[in-house]
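Asks: In this note's numbering, the protein residues as written are 227 to 428.
Think of the CB as a built atom: it goes at the ideal place given N, C-alpha and C, for glycine as much as any other residue.
Handing you this structure, nothing more for now.
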Ligand SMILES: Cc1cc2nc3c(=O)[nH]c(=O)nc-3n(C[C@H](O)[C@H](O)[C@H](O)COP(=O)(O)O)c2cc1C
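Given below as structure tokens:
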């Protein structure tokens with residue numbers, strides 16, 4: 227990679243032995259394999275308030291979170307499946323941020339679940355949130371069902387799941403690099419300045 231690309235991985239579980247944290251770490255390994263500088267953003271390390279839609283953005287711990295996430299060229303969001311969706315702590319953290327941290331960023335999604343259906347509903351929800359924040363959510367994602375079992379050292383499936391997690395990280399890093407290239411920036415500038423209906427009548 228010619229220029230430095232930073233990929234931040236946001237851990238959406240506060241649990242001590244969290245499988246989400248492990249999944250995000252593995253995805254970040256993939257990003258590092260593609261040449262990116264990686265940063266784990268673990269919500270356990272922040273004393274975050276609940277978003278009340280009013281003035282929380284300027285609180286010191288929120289400013290720190292916004293800096294740590296916002297300085298990434300690409301982001302990996304990790305979530306457990308909680309009652310058919312993503313975790314509340316992740317959503318609260320996202321709500322404490324906004325376009326400044328997400329708009330135009332490449333976003334990769336990884337999720338874990340305790341049950342056999344995986345974290346697909348959580349990831350689907352995050353995909354919608356990524357769109358709302360004008361992020362570029364990559365099609366590749368990793369959902370790890372029964373993470374307590376499938377990510378265990380003696381699991382026959384562990385290597386395949388780890389590969390999938392790493393691939394999300396690799397792709398986020400590569401797309402973030404492409405997206406930051408001078409050609410891409412010029413294309414995006416032209417796109418933003420283009421008339422809304424070229425060739426059409428006023
Ligand atoms: C509040 C709560 C809700 C959960 N809901 C689901 C669920 O809907 N489906 C599922 O498969 N697992 C569910 N689980 C299990 C978690 O997905 C599983 O324990 C996962 O490993 C938690 O992530 P973590 O290890 O990163 O903390 C739930 C766990 C909790 C605490």
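So which of 340, 274, 300, 353 has the shortest CA-CA distance to residue 289?
Replies: Taking only the C-alpha atoms, the option nearest residue 289 is 274.
Asks: Look at the alpha carbon of residue 400 and the alpha carbon of residue 281, and state the distance between them as a whole number of angstroms.
Replies: Cα to Cα, residue 400 sits roughly 36 angstroms from residue 281.
Asks: Helix, strand or coil: how does DSSP classify residue 364 here?
Replies: Note: residue 364 maps to strand in three-state DSSP.
Asks: Determine the direct distance from the alpha carbon of residue 354 to that of residue 251, and round the result to whole angstroms.
Replies: In a straight line, the C-alpha of residue 251 is about 23 angstroms away from that of residue 354.
Asks: Quick check: does the Cβ of residue 307 come within less than 7 angstroms of any heavy atom belonging to ligand 1?
Replies: The answer is yes for residue 307.
Asks: If you drop the 5 nearest sequence neighbours on each side, which residues of the same chain put their C-beta closer than 8 angstroms to that of residue 292?
Replies: Answer for residue 292: 283, 322, 323, 326, 327, listed in chain order.
Asks: Distance, Cα to Cα, residue 299 vs residue 231?
Replies: Roughly 6 angstroms between the two C-alpha positions.
Asks: With a floor of 3 residues, list each beta strand (DSSP E) that falls wholly inside the region 263-341, ordered by position along the chain.
Replies: Counting only runs of 3 or more, we get 263-268, 300-306, 332-338.
Asks: From which residue to which residue does the beta strand (DSSP E) around residue 232 run?
Replies: First-last of the beta strand (DSSP E) with residue 232: 232-237.
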